[in-house]
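J.:
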Amino acid sequence: MSSATRDKSGSSRTHPADSHDRIRVHGARENNLRDISLEIPKRRLTVFTGVSGSGKSSLVFATIAAESQRMINETYSAFVQGFMPTLARPDVDVLEGLTTAIIVDQERMGANPRSTVGTATDANAMLRILFSRLGKPYIGSQQAFSFNVASISGAGAVTVEKSGRTVKERRSFSVTGGMCPRCEGMGKVSDFDLTALYDETKSLEEGALTIPGYTMDGWYGRIYRGSGFFDPTKPIAKFTKKQLNDLLYKEPTRIKVDGINVTFEGLIPKIQKSMLSKDREAMQPHIRAFVDRAITFQTCPECDGTRLSEAARSSKIDGKSIADACAMQISDLAEWIRGLDEPSVAPLLKSLGDTLDSFVDIGLGYLALDRPAGTLSGGEAQRTKLIRHLGSSLTDVTYVFDEPTIGLHPHDIARMNDLLLQLRDKGNTVLVVEHKPEAISIADHVVDLGPRAGTEGGKIVFEGTVDELRSSGTLTGKHFDDRASLKSSVRTPAGALEVRGADTHNLRNVDVDIPLGVLVVVTGVAGSGKSSLIRGSVAPRDGVVSIDQGAIKGSRRSNPATYTGLLEPIRKAFAKENGVKPGLFSANSEGACPNCNGAGVVYSDLAMMAGVSAPCEVCEGKRFMAEVLEYDLGGKDIDEVLNMSVAQAEEFFGGGQKGSGDGKSTGGVALPAAHKILTRLADVGLGYIKIGQPLTTLSGGERQRLKLATHMGEKGDVYILDEPTSGLHLADVENLLGLLDRLVDSGKSVVVIEHHQAVMAHADWIIDLGPGAGHDGGRIVFEGTPQQLVDDRSTLTGKHLAEYVGA
């Protein structure tokens, strides 16, 4: 291990050998880590590199950060721990020198539709206080400006002390909140298509309700039958107006059914509480389909989508209401705040101004505080979380970042680097998982994992400085200074897809022709309008397959075979070969081991202590009943098939013609339906993963490529990919470019939203948006070939691409 690292200026920093200045990891075996040991310098910036699936996240997140959080949880009382998620100890022998870990990851910012950029940070709270102090007319405390607080009044009993004795008094109370009463602070109102809720020709007993989960079995049926508000045996079409109103709209009412007190509530308020209170993306697919079919949303006519009551909107500072302020682009709001000269709230103005300036510094100045948090991309969400920590006075904390440059234009990466260095210079340990050379280059210390991915990874292949990495001979070192060259020739378009008058979000009535039959790359700084243009005007069209950055949802029971549909033809082939039912070959169905219910492990709940899991003693972790494993296909049982890598399975279901790669014949069967899916998985660089390994063990880059492989099987003429290089190692980008070429050469049109210069250089046509972000963007600033963009150099993208290719 190198004893010196570099600071931002390039000078050396000596690392004391004292254990207080190092995080010591010994014998880490989480996921694919191979009993690795290392020491990480504290109060330095360490970058972890390696191909996707090499073990970076297993080391940094699943081992170091996870153990830090588990140990912090153990400092709380057993009572408090009972309300917290239990965290298992990572599979590691020794972890010493840990400090409090703060994880700043790419996870979306939750599914709460009431959460906005402003509420997710301190900005909204400070703005509410500001308006409660300076707003004219004065309407109340800061909660009067909150769209999450309703205005209520009533009376209740309070306990008071009078003349030395305690008595109860009834007192009135009122709470003045800022919630719009019409939409209840949601900004939208819903309208129901009643024909999607029930079949009026049927009675309730005959199954008239068509709402997911609403059947006459169980409690719903008992409540409807015993309510007395309508006849459950009469067709709904014959209900009186009052009966129909009770079925649909009745407020919660206590009734007695079979001697038990229960609550009856109309269908619509019940649906609003149980389904519409959740973000659409968090809904289960069948619920989402029902909501899309049965409910239409429109901007609330009373608050015009601001979520706020009329009173909250009436109070203003310099002619602006809090709704106006929240709708402003944050960079403009920061200027407006700096222009307020009010000594009485000077500390508040400075703190709010600093927070808003942080948004600008981190490249998010184009957002508005009223932007729903759930609509932020993974990169935007990660940077928004970072803002919470920039003003923190905490020191000697370990900050853990997962590819903080995702979603950033090359122009913005330098600003992100400065922020990471600021956190380090405050005396913190900064651990960063990263692929981009521009971000790796600022590291004090580099840990490279590999040599490859999955079972071929999990080792430390290099530790040292960036300069030492360059000459290390590892995959990262070899590719660190790779620079793509511009194409000598580009493909000729076969027509064009016309976009006219695009004005989604910040787009300024954009007209553009997107060439077909070629590789088109759409570029521009974050917030310039790339996604608004492509998702808003291209993705919804017929024949377009859109592959976004949305997370893959899956449990430990989900794996590549189940997610891609690969397991279906395999199960059917096993069933046909052995004359039994396909359900036997699913660990989530009839074939599951009865002891572990197909999980492969048995969990022991230890109440407030962390639970433990152990391999099932009956099936030995294989998940299937013993009799199921007696059936074979091509000499392999279902467990052996699921333990194959994609490459092995591709060969096996191709008939086993090529041999196993180790000189031995694998045998095999010809199963075209399975082989086609496996070929796509191999094409996206996932040949090393096991087809039966849980999705929860896949890295972010692996999950995105799994999604890409799945969508490649859809029928479409135009493919849209949103930053497909996310999570890809330098060595894998070339493979991705080969895949994009194969898609185009097969007759597809490919449109890629991307910041990676290697992808730009490989394009046939570039559409550059800008010149800036938010209201400073939304225009086409360049259309042409990569060579023309480099020669032109009139845009930020052109300048960075020219520098990248050395032009």
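Quick note: the sequence shown uses the numbering used here, first residue 16, plus one each step. All residues carry an ideal CB built from backbone N, CA and C; glycine is no exception. This one's a predicted model, so the numbers in the text were calculated from it and none came from an experiment.
#1: Tell me the rounded alpha-carbon separation between residue 524 and residue 789.
#2: If we count the other Cβ atoms within 10 Å of its Cβ and call it buried at 16 or more, is residue 182 buried or exposed?
#3: What span of residues does the alpha helix (DSSP H) with residue 751 cover, start to end?
#4: Taking a contact to mean a Cβ-Cβ separation below 8 Å, would you say residue 51 touches residue 474 in this structure?
#5: Helix, strand or coil for residue 405 per DSSP?
#6: If you draw a straight line from the alpha carbon of residue 26 to that of residue 543, how long is it in whole angstroms?
#7: Excluding the 5 residues preceding and the 5 following residue 665 in the sequence, name in chain order all residues of the same chain whose CB lies nearer than 7 Å to its CB.
#8: State the DSSP-derived secondary structure class of residue 529, mapped to helix, strand or coil.
#9: Identify which residue in 215, 233, 234 has its Cα closest to the Cα of residue 225.
#10: For residue 415 and residue 119, which I take to be in contact (beta-carbon distance under 8 Å), what is that distance rounded to the nearest angstrom?
#11: Helix, strand or coil: which one does DSSP assign to residue 210?
#12: Taking all protein chains shown into account, do 16 or more other C-beta atoms lie within 10 angstroms of the C-beta of residue 92, making it buried, or fewer, making it exposed?
#13: Which word fits residue 83, buried or exposed, when buried means at least 16 other C-beta atoms lie within 10 angstroms of its C-beta?
#14: Locate the beta strand (DSSP E) running through residue 534, then write down its first and last residues.
#15: Would you check if there are 3 or more beta carbon pairs closer than 8 Å linking the segment 446–466 to the segment 488–507?
#16: Given that a residue counts as buried once 16 or more other Cβ atoms are within 10 Å of its Cβ, and exposed if not, what is residue 168?
#17: Can you tell me the Cα-Cα spacing of residue 438 and residue 633, whole angstroms?
#18: Spatial neighbours of residue 411 within its chain, please: CB distance less than 6 Å, with the 5 preceding and 5 following residues excluded, ordered by chain position.
#19: Could you give the DSSP three-state label for residue 286: helix, strand or coil?
#20: Output the distance between the C-alpha atoms of residue 104 and residue 86, rounded to the nearest integer angstrom.
#21: For residue 659, does the three-state DSSP call read helix, strand or coil?
#22: Can you list, in chain order, the residues of its chain with a C-beta nearer than 6 Å to that of residue 379? Leave out the 5 residues immediately preceding and following it.
#23: On a CA-only basis, which of 374, 709, 108, 332 is nearest residue 354? Give me that one, please.
#24: Whole angstroms are fine: how far does the CA of residue 642 sit from the CA of residue 661?
#25: Leaving out five residues on either side along the sequence, give the residues of the same chain with a beta carbon under 6 Å from the beta carbon of residue 208.
#26: According to the Cβ coordinates, are residue 581 and residue 706 closer than 8 Å?
#27: Using DSSP's beta-bridge definition, name the partner residues of residue 736.
#28: Report the rounded CA-to-CA distance for residue 572 versus residue 603, giving the unit in angstroms.
#29: In three-state terms, what does DSSP make of residue 582?
#30: Please state whether DSSP places residue 494 in a helix, a strand or coil.
#31: With C-beta atoms as the reference, is residue 74 less than 8 Å away from residue 435?
#32: Using three-state DSSP, classify residue 596 as helix, strand or coil.
#33: Between the C-alpha atoms of residue 608 and residue 589, what's the straight-line distance to the nearest angstrom?
#34: Report buried or exposed for residue 325, applying the criterion of at least 16 other Cβ atoms within 10 angstroms of its Cβ.
#35: Which ranges would you report for the alpha helix (DSSP H) in the segment 91–115 if only whole runs of at least 4 residues count?
#36: What is the DSSP secondary structure of residue 589, reduced to helix, strand or coil?
T.: On the basis of the supplied data:
#1: 14 Å
#2: exposed
#3: 745–760
#4: yes
#5: helix
#6: Annotation note: pLDDT 38 at residue 26 (below 50); position unreliable, no value reported.
#7: 690, 693, 694, 697
#8: strand
#9: 215
#10: 7 Å
#11: helix
#12: exposed
#13: buried
#14: 534–538
#15: yes
#16: exposed
#17: 51 Å
#18: 114, 442
#19: helix
#20: 9 Å
#21: coil
#22: 398
#23: 332
#24: 26 Å
#25: 309
#26: yes
#27: 562, 767
#28: 7 Å
#29: helix
#30: helix
#31: no
#32: coil
#33: 18 Å
#34: exposed
#35: 93–96
#36: helix
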